[in-house]
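Working notes, structure below.
In the working numbering, the protein residues as written are 7 to 734.
Next comes the structure, spelled out in structure tokens:
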């Protein structure tokens, strides 16, 4: 069956709607928006009987932290989401018009109200009042309320860059052609829903509160923007600590400890011109507190548990995306809108102990120093900020460290973001494989071959530097014969990052040879949560005896999402096969898994996942109902159509299953998976000619998928034999 619970997998690079913090209000039955109180979450370390820490608001922090508060007030975090007022709305709203596709949107004022006339869910023009601004620079979006407590981000946004840079204009996030009503990327659809796609990362202590029965939201948050407690955790106990004279409590009453940098110095190594830390972090990625806190909103991830607790590992509630094909380039650089975290985890800087705040001042958000000076904190400018190193004139675009080592990709039409893997550019690999590189960003006219030749002249040893991860991912994506050997080498190389090793492991699908299986067995016990999670992923399709031998210890993993994934992978274990302790652990973890999916029941992916669980447990009718609910909410969600066909077939309703796939091909003609499934179904139904057509279509749409090509060749061979068979 088709498990596709990856809410980060969207067609739109803007789907997570970067730009601002979240909405404080809720559309109550009636007309008004009201501030809603949010149930507090117990802070990490709360003891039985102690009062749980509560969110108190940024205003409580000013008296003791005036300097930090002043820096924050002017930050993007502080203005991530604001009520729509004359002093917060950047666009003129003076009758401007924007043409997108066949539609023209108009932006105007009605007294103190900001009004947008644009296409609604039915494709017709409607008037919508802007209730909140979303973001600041380089664009500002605008939020409107629809029915059922839904808040949506309009696709028409204001380019807040200076006019000289092309800004001070309206634009459509999907480009001049826009998208038609009914498309999943239309602003009224689920990919632009603030409650699910944006809110957690744009307000403090957001609670979605979706009710599946009424299909409505009752969302709320503690503060409208990204304020102090979004990073530091609820501060009521910190206030008590301060009022008691700041004498007791090593943690100062806070659940998040950001002191990991304080005991580490970075003296410059004169021999290399690079600073070396006096201590390198020990322990897994989950122990790197600061990076974990930032990753909650600066990583490509899914929320799999509704209750985030400040100070706990992010993997207790979220699943971080690894280097999946389509999201990242074959060398690990960002491709889709994946933000910063996965890139940074690949970097040598992260391996040495560099954190976000080494480069970014955490309260104001600006760089610690301008331009190359921020890099010169650890890299001697006399050695690296010279033409002898970068071969460009001082002060030129080509002399900027970030332009070479952190090239940008533009998302949301105007938002250029730096890749944070901070790598040495490899034009030679770009020439061979088509991957991007920083040099090529500036020298597009000269072409890749010219850039590669120049780099080879300047750095003769560059092409000899090993690139094990890039080699392995490229080989796997191109189905090269050495792919599995290269992937295994990356998995076993503990000098590489956990992100690299986990990404390679996730692609090392079974069946395995002895060495590969041994690597999977070791990964189950790896200290890195990313590795254990990837091991579960590749074991999903393994025979039950192997899964039941390897996965039960992970039912008591310290990370909740790992426990949940292990329980899901063992859901087909026959009753009575566990000892009492393991059975209880399995039940608890599986209950957590179900709760996590139910919290996301506004998304078809979660309903699809629940259906797969029910089907695995033999409850086909409940699985069928869940899939029908998913399709009712999102008719364009391919995985649910394919899984519904599988369930119907398991119920011996082949004709209905075939019709579901015929309908899917009509609704989703660009899906190779649909045409492949339809081809197989037509073959089973005794329709060889039309089956061959469907399989050929699948192969055309996704030629890199060997299963499609193999099935097509088998079908073509059978068709040829059928035609050549003597007539009897």
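Note that the Cβ used here is the ideal one computed from N, Cα and C, for glycine as well.
Close CB contacts of residue 312 within its chain, under the 6 Å cut and outside five residues either way in sequence, are with 605 (chain order). When C-beta atoms of the segment 418–429 are compared with those of the segment 307–321, fewer than three pairs fall below 8 Å, so the two segments do not count as touching. Counting C-beta atoms within 10 angstroms of its own C-beta, residue 550 has fewer than 16 neighbours from the protein chains shown and is therefore classed as exposed.
Positions of the alpha helix (DSSP H) runs, each at least 4 residues long and wholly inside the segment 56–109, are given as 72–79 in order along the chain. By the criterion of a C-beta distance shorter than 7 Å, residue 455 is surrounded in its chain by 437, once the five residues flanking it on both sides are discounted. Sequence-distant partners of residue 662 (beyond 5 residues in either direction) whose C-beta falls short of 7 Å from its own C-beta, in its chain, are 654. Residue 194 and residue 332 have their C-alpha atoms roughly 25 Å apart. Residue 424 has 414 as its beta-bridge partners, per DSSP. Remark: C-beta atoms of residue 164 and residue 97 approach each other more closely than 9 Å.
By the C-beta criterion, the segment 281–300 is judged not to be in contact with the segment 336–343, since fewer than 3 inter-stretch pairs fall below 8 Å.
DSSP places residue 119 outside any alpha helix (DSSP H); the residue lies instead in the beta strand (DSSP E), whose first and last residues are 119–125.
DSSP links residue 134 through a beta bridge to 122. Under the three-state reduction of DSSP output, residue 402 falls in the coil class, being neither helix nor strand. Under the rule that a run must span 4 or more residues, the alpha helix (DSSP H) segments found entirely inside the segment 273–323 read 295–304.
DSSP places residue 530 within a helical segment (H, G or I) once states are collapsed to three. Around residue 128, the same chain offers 187 as residues with beta carbons nearer than 7 Å, after the five sequence neighbours per side are excluded. Residue pairing for residue 115: DSSP places it in a beta bridge opposite 120.
Note that the C-beta distance between residue 656 and residue 685 is not below 9 Å. When 207, 201, 706 and 482 are compared, the shortest CA-CA separation from residue 215 is found for 201. Of all alpha-carbon atoms in 185, 166, 184 and 160, the one lying nearest the alpha-carbon of residue 199 is that of 160. Check the Cα spacing between residue 180 and each of 106, 649 and 710: the tightest is with 106.
Inter-segment contact for the segment 646–653 and the segment 663–677 is present: three or more beta-carbon pairs are separated by less than 8 Å. In the DSSP assignment, residue 162 falls within the unbroken beta strand (DSSP E) covering 162–165. CA-CA distance, residue 93 to residue 58, rounds to 37 Å. Within the DSSP bridge table, the entry for residue 547 names no partner. Listed in chain order, the non-local C-beta contacts of residue 359 below 6 Å within the same chain comprise 283, 286 and 287, local neighbours out to five positions each way being set aside. Using a Cβ-Cβ distance cut-off of 8 Å, the segment 562–577 and the segment 267–279 are not in contact, since fewer than three pairs of beta carbons, one from each stretch, lie closer than that value.
Your pair residue 443 and residue 432 checks out as a contact, with CB atoms roughly 6 Å apart and the cut at 8 Å. Rounded to the nearest angstrom, the Cβ distance from residue 434 to residue 468 is 7 Å, consistent with a contact under 8 Å. Setting aside the 5 residues that flank it on each side, residue 602 is surrounded in the same chain by 310 and 311, each with a C-beta closer than 6 Å to its C-beta; the list follows chain order. In the displayed model, residue 229 falls within a strand according to three-state DSSP.
In the structure shown, residue 725 adopts helical secondary structure according to DSSP, grouped into three states. Taking every protein chain shown into account, the CB of residue 104 has 16 or more other CB atoms within 10 angstroms, so this residue is buried.
By the CB criterion at 9 Å, residue 242 and residue 60 fall inside the cutoff.
The shortest CA-to-CA distance from residue 192 to any of 272, 124 and 120 is the one to 124.
DSSP places residue 465 outside both helix and strand once states are collapsed to three, so it counts as coil.
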